[in-house]
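Colleague: Chains as they are written, first to last, in the numbering used here: chain C, 181 to 291; chain E, 181 to 291. A virtual CB, placed ideally from N, CA and C, is assigned to each residue, including glycine.
There are 2 protein chains.
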Amino acid sequence: MKATKRTKLQAAGWAVGDAANFLDLSPAEAAYVELKLSLSQALRRWRSTRKLTQTGLAKRLGSSQSRVAKMEAGDPTVSADLLLRSLLALGATSKDIASSLTPQRRKAGAT
Amino acid sequence: MKATKRTKLQAAGWAVGDAANFLDLSPAEAAYVELKLSLSQALRRWRSTRKLTQTGLAKRLGSSQSRVAKMEAGDPTVSADLLLRSLLALGATSKDIASSLTPQRRKAGAT
DNA sequence: TGACAATATGCCAGATATGACATATTGTGT
DNA sequence: ACACAATATGTCATATCTGGCATATTGTCA
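1) Any beta carbon from chain C within less than 9 Å of K250 of chain E's own beta carbon?
2) Going along chain E, which residues have a C-beta under 7 Å from T257 of chain C?
3) With three or more beta-carbon pairs closer than 8 Å as the criterion, would you say the stretch 256-269 of chain C touches the stretch 204-224 of chain C?
4) If I measure Cβ to Cβ from S243 of chain E and keep anything under 6 Å in the same chain, skipping five residues before and after, which residues do I get?
5) By how many angstroms is the C-alpha of A238 of chain E removed from the C-alpha of G271 of chain E?
6) Helix, strand or coil: which one does DSSP assign to G236 of chain C?
7) For D255 of chain C, count neighbouring Cβ atoms within 10 angstroms of its own Cβ and tell me buried if that reaches 16, exposed if not.
8) Between which residues of its own chain and K216 of chain E is the CB-CB distance below 6 Å, once the five residues before and five after are set aside?
9) Looking only at C-alpha atoms, which of E:A278, E:E252 and E:Q234 sits nearest to Q245 of chain E?
As structure tokens, then:
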């Protein structure tokens, strides 16, 4: 996102919610960050499940280890688009993606 | 996605539908196209509901009428990213987005 | 501890996406 | 039919993303 636009988008009265950011993000920007985070986690889960290395996953995706690391870290230089395309390339369905966007929350106090 | 393939897509003159795959799209590419289509439709629905014009929506989004038209048309030059950010900017939640990705299908033969 | 594998971070050139403009097409009144 | 609004399509300069390389950090095992 453009820095200039970021300024334009500054909205008043934004209460910091959860883990997203204590930076000057607009609600929409924060939501975008969180959405990417969900996808990041889904990707890492996928890899973890198969006991693949980032290098191995990168090869499968036609990308590089460093980019995979950034994808999983929710790095700002990684778009939601790349995450989506990666998940789809790994066989995820729209449904899979939809559910990774609406994670079940554990009950408070649960392990 | 490769530009060459994208060009082929353009050349084929898409009609909105659900099957993106009479071209040589890989399953992942087809899934990506369909996912974008779902988001496109959600965006158009949003605008339609508020009886806004594309120009009006563009203004609200800090974009242009032509790009909005392309967004709603699922144009290949529009990324899922832009669609997501637009929906979020309009106040959609992750949940909203997730459900637009898993549309309820009508029974066959229904109107 | 050292040696090695895995992951993370910084950077950049080439690839892709975006806003904006011009223009064409379609729709909707009369 | 005409006039006008809305939407669609083509193009392009600039902004942004991405793969890949180099390097740093962290983790693991002996």
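Modeller: Let me spell this out:
1) False, the Cβ-Cβ gap to chain C never drops below 9 Å.
2) Simply none; closest approach about 13 Å.
3) The stretch 204-224 of chain C and the stretch 256-269 of chain C touch, with three or more beta-carbon pairs separated by less than 8 Å.
4) There are no such residues.
5) About 15 Å.
6) Note: G236 of chain C maps to helix in three-state DSSP.
7) Label assigned to D255 of chain C: exposed.
8) Answer for K216 of chain E: G254 and A260, listed in chain order.
9) Ranking the options by Cα distance to Q245 of chain E, first place goes to E:Q234.
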